[in-house]
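Report on one structure; see the data block that follows.
Residue numbers (the UniProt record's numbering): 1 to 310.
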(Lines of atoms letter the chains of each structure in order from A and count residues from 1; the text may use other names and numbers.)
(Lines give C-alpha, C1' and ligand atoms only; values in the text may rest on other atoms or scores of the structure.)
Protein backbone atom coordinates (compact mmCIF):
# COMPACT_ATOMS: atom_id res chain seq x y z
CA UNK A 1 0.00 0.00 0.00
CA UNK A 2 1.45 3.43 -0.91
CA UNK A 3 2.37 5.69 1.98
CA UNK A 4 0.30 8.82 1.50
CA UNK A 5 1.49 10.52 4.72
CA UNK A 6 4.85 11.18 6.34
CA UNK A 7 3.69 11.28 9.95
CA UNK A 8 0.60 10.02 11.77
CA UNK A 9 -0.13 11.01 15.34
CA UNK A 10 -2.57 10.77 18.19
CA UNK A 11 -2.40 12.46 21.57
CA UNK A 12 -3.09 15.81 23.18
CA UNK A 13 -5.22 18.33 21.30
CA UNK A 14 -5.97 21.50 23.23
CA UNK A 15 -7.46 24.97 23.16
CA UNK A 16 -5.21 27.42 25.00
CA UNK A 17 -6.07 30.70 26.71
CA UNK A 18 -2.75 32.57 27.00
CA UNK A 19 -1.92 35.40 29.39
CA UNK A 20 1.31 37.39 29.01
CA UNK A 21 2.74 39.22 32.03
CA UNK A 22 5.45 41.86 32.38
CA UNK A 23 7.65 39.96 34.84
CA UNK A 24 9.28 36.51 35.06
CA UNK A 25 7.10 33.79 36.58
CA UNK A 26 9.53 33.58 39.50
CA UNK A 27 8.44 37.07 40.57
CA UNK A 28 5.18 35.62 41.85
CA UNK A 29 2.97 38.30 40.29
CA UNK A 30 2.95 40.67 37.34
CA UNK A 31 0.79 42.94 35.20
CA UNK A 32 -1.05 41.41 32.24
CA UNK A 33 0.29 42.86 28.99
CA UNK A 34 -1.64 40.72 26.49
CA UNK A 35 -4.29 38.03 26.24
CA UNK A 36 -4.69 35.57 23.39
CA UNK A 37 -6.31 32.28 22.45
CA UNK A 38 -4.66 29.58 20.38
CA UNK A 39 -4.90 25.90 19.56
CA UNK A 40 -2.35 23.56 21.12
CA UNK A 41 -1.63 20.10 22.45
CA UNK A 42 1.59 18.11 22.14
CA UNK A 43 0.82 15.86 19.18
CA UNK A 44 -1.64 18.21 17.47
CA UNK A 45 0.86 21.09 17.43
CA UNK A 46 3.68 18.76 16.39
CA UNK A 47 1.65 17.62 13.38
CA UNK A 48 0.91 21.24 12.47
CA UNK A 49 4.65 21.98 12.74
CA UNK A 50 5.47 19.09 10.41
CA UNK A 51 2.82 20.28 7.95
CA UNK A 52 4.23 23.83 7.99
CA UNK A 53 7.61 22.28 7.17
CA UNK A 54 6.15 20.65 4.08
CA UNK A 55 5.19 17.27 5.51
CA UNK A 56 2.03 15.26 4.88
CA UNK A 57 0.49 14.61 8.30
CA UNK A 58 -2.65 13.09 9.75
CA UNK A 59 -4.22 13.16 13.21
CA UNK A 60 -5.73 9.75 14.01
CA UNK A 61 -6.88 10.37 17.59
CA UNK A 62 -10.41 10.94 18.84
CA UNK A 63 -12.21 13.98 17.47
CA UNK A 64 -15.68 15.34 18.13
CA UNK A 65 -18.86 14.37 16.34
CA UNK A 66 -20.46 15.94 14.34
CA UNK A 67 -17.33 17.14 12.52
CA UNK A 68 -18.74 20.58 11.77
CA UNK A 69 -18.98 21.28 15.51
CA UNK A 70 -15.46 20.02 16.25
CA UNK A 71 -13.29 23.10 16.77
CA UNK A 72 -9.99 21.26 17.21
CA UNK A 73 -10.43 19.07 14.16
CA UNK A 74 -11.45 21.99 11.95
CA UNK A 75 -8.34 23.89 13.00
CA UNK A 76 -6.11 20.92 12.18
CA UNK A 77 -7.62 20.72 8.71
CA UNK A 78 -7.13 24.46 8.24
CA UNK A 79 -3.45 23.97 9.09
CA UNK A 80 -3.06 21.19 6.54
CA UNK A 81 -3.31 18.21 8.91
CA UNK A 82 -5.67 15.52 7.61
CA UNK A 83 -8.37 14.22 9.96
CA UNK A 84 -10.01 11.87 7.47
CA UNK A 85 -9.00 8.75 9.44
CA UNK A 86 -9.64 10.13 12.94
CA UNK A 87 -12.34 8.25 14.87
CA UNK A 88 -15.28 10.39 15.95
CA UNK A 89 -17.23 10.45 19.22
CA UNK A 90 -19.85 12.92 20.54
CA UNK A 91 -17.99 13.19 23.86
CA UNK A 92 -14.57 13.95 22.34
CA UNK A 93 -13.53 17.53 23.17
CA UNK A 94 -10.16 19.31 23.33
CA UNK A 95 -8.14 19.70 26.52
CA UNK A 96 -8.58 23.24 27.89
CA UNK A 97 -5.43 25.03 29.04
CA UNK A 98 -4.62 28.37 30.65
CA UNK A 99 -1.01 29.39 29.96
CA UNK A 100 0.82 32.19 31.74
CA UNK A 101 3.89 33.48 29.87
CA UNK A 102 6.51 35.51 31.72
CA UNK A 103 8.59 38.38 30.33
CA UNK A 104 11.47 35.98 29.60
CA UNK A 105 9.28 33.68 27.49
CA UNK A 106 9.00 30.97 30.12
CA UNK A 107 5.52 29.69 30.83
CA UNK A 108 3.27 27.82 33.26
CA UNK A 109 0.50 25.62 31.86
CA UNK A 110 -2.64 24.79 33.86
CA UNK A 111 -4.80 22.24 32.06
CA UNK A 112 -8.03 20.28 32.38
CA UNK A 113 -7.50 16.94 30.61
CA UNK A 114 -10.58 15.04 31.74
CA UNK A 115 -11.44 14.21 28.12
CA UNK A 116 -11.46 11.22 25.78
CA UNK A 117 -7.84 10.24 25.03
CA UNK A 118 -5.99 7.98 22.62
CA UNK A 119 -7.61 6.46 19.55
CA UNK A 120 -10.13 3.80 18.64
CA UNK A 121 -9.16 0.16 19.14
CA UNK A 122 -10.96 -0.49 15.83
CA UNK A 123 -8.54 1.63 13.80
CA UNK A 124 -7.56 -0.70 10.92
CA UNK A 125 -4.00 -1.72 10.09
CA UNK A 126 -4.19 -0.10 6.68
CA UNK A 127 -4.45 3.32 8.34
CA UNK A 128 -1.14 2.77 10.15
CA UNK A 129 0.38 1.53 6.90
CA UNK A 130 -0.17 4.96 5.32
CA UNK A 131 2.94 6.48 6.99
CA UNK A 132 6.40 5.39 8.20
CA UNK A 133 6.25 7.30 11.51
CA UNK A 134 3.75 7.45 14.39
CA UNK A 135 4.06 10.32 16.88
CA UNK A 136 2.60 9.83 20.36
CA UNK A 137 2.67 11.52 23.76
CA UNK A 138 1.97 10.43 27.34
CA UNK A 139 -1.74 9.96 26.67
CA UNK A 140 -0.87 6.95 24.50
CA UNK A 141 -1.25 4.86 27.65
CA UNK A 142 -4.97 4.87 26.79
CA UNK A 143 -4.25 3.11 23.48
CA UNK A 144 -1.26 0.89 24.18
CA UNK A 145 -2.48 -1.85 21.84
CA UNK A 146 -2.64 0.61 18.94
CA UNK A 147 0.95 1.73 19.58
CA UNK A 148 2.14 -1.87 19.71
CA UNK A 149 0.25 -2.69 16.52
CA UNK A 150 1.88 0.23 14.70
CA UNK A 151 5.31 -0.90 15.88
CA UNK A 152 4.63 -4.47 14.78
CA UNK A 153 3.66 -3.12 11.35
CA UNK A 154 7.10 -1.53 11.06
CA UNK A 155 6.39 2.10 11.91
CA UNK A 156 8.96 4.13 13.80
CA UNK A 157 7.39 5.29 17.07
CA UNK A 158 8.46 8.76 18.21
CA UNK A 159 7.45 9.20 21.86
CA UNK A 160 7.05 12.58 23.56
CA UNK A 161 6.58 11.63 27.21
CA UNK A 162 6.52 14.26 29.96
CA UNK A 163 5.08 12.30 32.89
CA UNK A 164 4.51 8.76 34.05
CA UNK A 165 1.56 6.95 35.58
CA UNK A 166 3.61 3.84 36.32
CA UNK A 167 3.62 0.50 34.49
CA UNK A 168 1.43 1.70 31.60
CA UNK A 169 3.90 4.50 30.84
CA UNK A 170 6.79 2.07 31.21
CA UNK A 171 5.27 -0.14 28.54
CA UNK A 172 4.81 2.77 26.13
CA UNK A 173 8.43 3.78 26.69
CA UNK A 174 9.53 0.22 25.98
CA UNK A 175 7.60 0.05 22.70
CA UNK A 176 8.92 3.34 21.27
CA UNK A 177 12.13 3.13 19.27
CA UNK A 178 12.68 6.92 19.23
CA UNK A 179 12.43 8.45 22.71
CA UNK A 180 12.45 12.24 22.39
CA UNK A 181 12.02 13.38 25.97
CA UNK A 182 12.47 16.49 28.12
CA UNK A 183 15.59 15.94 30.19
CA UNK A 184 13.64 16.95 33.31
CA UNK A 185 11.40 13.92 32.82
CA UNK A 186 14.36 11.62 32.24
CA UNK A 187 16.03 12.84 35.44
CA UNK A 188 12.87 12.28 37.46
CA UNK A 189 12.25 8.89 35.84
CA UNK A 190 15.74 7.47 36.34
CA UNK A 191 16.75 9.41 39.47
CA UNK A 192 19.99 10.45 37.79
CA UNK A 193 21.35 13.79 36.64
CA UNK A 194 24.18 13.31 34.15
CA UNK A 195 23.03 13.42 30.48
CA UNK A 196 25.37 10.59 29.46
CA UNK A 197 24.05 8.37 32.24
CA UNK A 198 20.48 9.19 31.23
CA UNK A 199 21.10 8.32 27.58
CA UNK A 200 22.57 5.00 28.64
CA UNK A 201 19.86 4.32 31.21
CA UNK A 202 17.07 4.82 28.67
CA UNK A 203 18.75 2.70 26.01
CA UNK A 204 17.53 -0.77 25.06
CA UNK A 205 18.22 -3.23 22.26
CA UNK A 206 15.12 -2.13 20.29
CA UNK A 207 15.96 1.59 20.36
CA UNK A 208 16.98 3.57 17.31
CA UNK A 209 17.54 6.80 19.24
CA UNK A 210 17.22 8.49 22.60
CA UNK A 211 17.07 12.30 22.49
CA UNK A 212 16.92 14.49 25.60
CA UNK A 213 15.87 18.11 25.11
CA UNK A 214 17.16 20.69 27.56
CA UNK A 215 15.86 24.08 26.41
CA UNK A 216 18.55 26.68 25.81
CA UNK A 217 21.20 24.12 26.78
CA UNK A 218 20.46 22.12 23.66
CA UNK A 219 19.87 18.40 23.22
CA UNK A 220 21.68 15.14 23.93
CA UNK A 221 21.57 12.24 21.50
CA UNK A 222 22.35 8.54 21.39
CA UNK A 223 21.71 6.77 18.10
CA UNK A 224 21.88 3.15 17.07
CA UNK A 225 25.20 1.79 15.76
CA UNK A 226 27.07 4.92 16.87
CA UNK A 227 29.49 4.65 19.83
CA UNK A 228 29.51 8.44 20.30
CA UNK A 229 27.05 10.26 22.54
CA UNK A 230 26.28 13.69 21.12
CA UNK A 231 25.46 17.17 22.38
CA UNK A 232 23.65 19.49 19.97
CA UNK A 233 23.89 23.04 21.35
CA UNK A 234 20.85 25.28 21.10
CA UNK A 235 20.57 28.30 18.83
CA UNK A 236 21.05 31.61 20.64
CA UNK A 237 17.75 33.48 20.31
CA UNK A 238 15.72 36.01 22.23
CA UNK A 239 12.74 33.93 23.36
CA UNK A 240 9.37 35.67 23.23
CA UNK A 241 7.21 32.65 24.08
CA UNK A 242 8.39 29.05 24.56
CA UNK A 243 4.87 27.63 24.32
CA UNK A 244 4.86 24.83 21.76
CA UNK A 245 8.64 24.79 21.24
CA UNK A 246 8.90 21.16 22.35
CA UNK A 247 5.97 20.20 20.14
CA UNK A 248 7.63 21.93 17.18
CA UNK A 249 10.83 19.99 17.92
CA UNK A 250 8.94 16.67 17.89
CA UNK A 251 7.10 17.46 14.67
CA UNK A 252 10.28 18.47 12.86
CA UNK A 253 12.14 15.42 14.20
CA UNK A 254 9.37 13.05 13.08
CA UNK A 255 9.23 14.59 9.61
CA UNK A 256 13.00 14.41 9.09
CA UNK A 257 12.91 10.80 10.28
CA UNK A 258 10.17 9.97 7.78
CA UNK A 259 12.33 11.51 5.07
CA UNK A 260 15.22 9.20 5.92
CA UNK A 261 17.49 11.42 8.03
CA UNK A 262 19.67 9.98 10.80
CA UNK A 263 18.55 10.76 14.36
CA UNK A 264 21.40 13.25 14.77
CA UNK A 265 20.37 15.11 11.62
CA UNK A 266 16.73 14.94 12.75
CA UNK A 267 17.78 16.74 15.93
CA UNK A 268 19.68 19.41 13.98
CA UNK A 269 16.58 20.10 11.88
CA UNK A 270 14.31 20.05 14.93
CA UNK A 271 16.60 22.39 16.89
CA UNK A 272 16.40 25.00 14.13
CA UNK A 273 12.62 24.70 13.90
CA UNK A 274 12.14 25.00 17.67
CA UNK A 275 14.48 27.98 17.91
CA UNK A 276 12.50 29.87 15.28
CA UNK A 277 9.22 28.98 16.97
CA UNK A 278 10.06 30.75 20.25
CA UNK A 279 10.57 34.10 18.53
CA UNK A 280 6.81 34.69 18.19
CA UNK A 281 3.84 34.70 20.55
CA UNK A 282 1.63 31.63 20.84
CA UNK A 283 2.16 27.91 20.43
CA UNK A 284 1.57 27.82 16.66
CA UNK A 285 2.00 31.35 15.33
CA UNK A 286 5.79 31.06 15.21
CA UNK A 287 6.01 27.61 13.62
CA UNK A 288 8.43 27.96 10.69
CA UNK A 289 8.45 26.74 7.12
CA UNK A 290 11.20 24.56 5.62
CA UNK A 291 12.94 27.47 3.89
CA UNK A 292 13.45 29.29 7.18
CA UNK A 293 14.80 26.16 8.90
CA UNK A 294 17.26 25.36 6.15
CA UNK A 295 18.42 28.97 6.08
CA UNK A 296 19.15 28.89 9.81
CA UNK A 297 20.96 25.57 9.49
CA UNK A 298 23.18 26.92 6.68
CA UNK A 299 24.17 30.02 8.64
CA UNK A 300 27.79 30.04 9.73
CA UNK A 301 26.77 30.50 13.37
CA UNK A 302 24.46 27.47 13.42
CA UNK A 303 25.39 25.12 16.29
CA UNK A 304 26.98 21.84 15.30
CA UNK A 305 26.91 18.50 17.16
CA UNK A 306 29.87 17.79 19.41
CA UNK A 307 30.76 14.60 21.28
CA UNK A 308 29.30 14.60 24.77
CA UNK A 309 31.87 14.54 27.54
CA UNK A 310 30.81 12.80 30.72
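For each residue, glycine too, the CB sits at the ideal point set by N, CA and C. Keep in mind that this is a model prediction, so the values were computed, not measured.
Going by DSSP, residue 223 is part of the beta strand (DSSP E) stretching over 219 to 223. Assigned with DSSP and collapsed to three states, residue 235 falls in coil, not helix or strand. The beta carbon of residue 110 is closer than 6 Å to those of 98 in its chain, skipping five residues each way along the sequence.
Inter-segment contact for the stretch 35 to 46 and the stretch 242 to 253 is present: three or more beta-carbon pairs are separated by less than 8 Å.
DSSP places residue 48 outside any beta strand (DSSP E); the residue lies instead in the alpha helix (DSSP H), whose first and last residues are 42 to 52. Taken in chain order, the whole alpha helix (DSSP H) runs of length 4 or more contained in the stretch 127 to 166 are 144 to 152. The Cβ atoms of residue 54 and residue 290 lie closer than 8 Å to each other. With respect to the C-alpha of residue 170, the residue from 142, 58 and 218 having the closest C-alpha is 142. Excluding residues up to 5 positions away in sequence, 221, 230, 231, 232, 264, 267 and 268 lie with their Cβ nearer than 8 Å to the Cβ of residue 305 in the same chain. Taking a contact to require three or more Cβ pairs closer than 8 Å, the stretch 178 to 195 and the stretch 159 to 168 qualify as touching. Between residue 100 and residue 60, the C-beta spacing is not below 8 Å. For residue 71, the three-state secondary structure derived from DSSP is helix.
Residue 63 and residue 24 have their C-alpha atoms spaced approximately 36 Å apart. Annotation for residue 112: 95, 96 and 97 place their beta carbon closer than 8 Å to its own, counting only its chain and skipping 5 residues before and after.
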